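Going by full-length UniProt numbering, the sequence shown opens with residue 1, and the numbers climb by one from there. Glycine is no exception: its CB is placed at the ideal position from the N, C-alpha and C atoms. This one's a predicted model, so the numbers in the text were calculated from it and none came from an experiment.
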Amino acid sequence: MGKMNVSSDVMLNLFAEMILDEALLKFKQDHLYEAIDHALAEGDEVTFLTLTSELKSLQVLG
């Protein structure tokens, strides 16, 4: 029965890690969208291109 508890704990830890990773990805994407909007509003093309590139990289990973 001890092995069953260890397996359950491992699965729960993995599931919790997946949820945290997803939440962190969403937070980063939301922050980038806000920063991109700000760069557009300011007419800052260099920052816009940098941030959109970073967002694309995150989306490939996610």
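Take the Cβ of residue 51 as the centre, count every other Cβ of all protein chains shown within 10 Å, and call the residue buried at 16 or more, exposed below. buried
Alpha carbon to alpha carbon, what distance is there between residue 59 and residue 31? 13 Å
DSSP on residue 37, reduced to helix/strand/coil? helix
Per DSSP, what kind of secondary structure is residue 44 in: helix, strand or coil? coil
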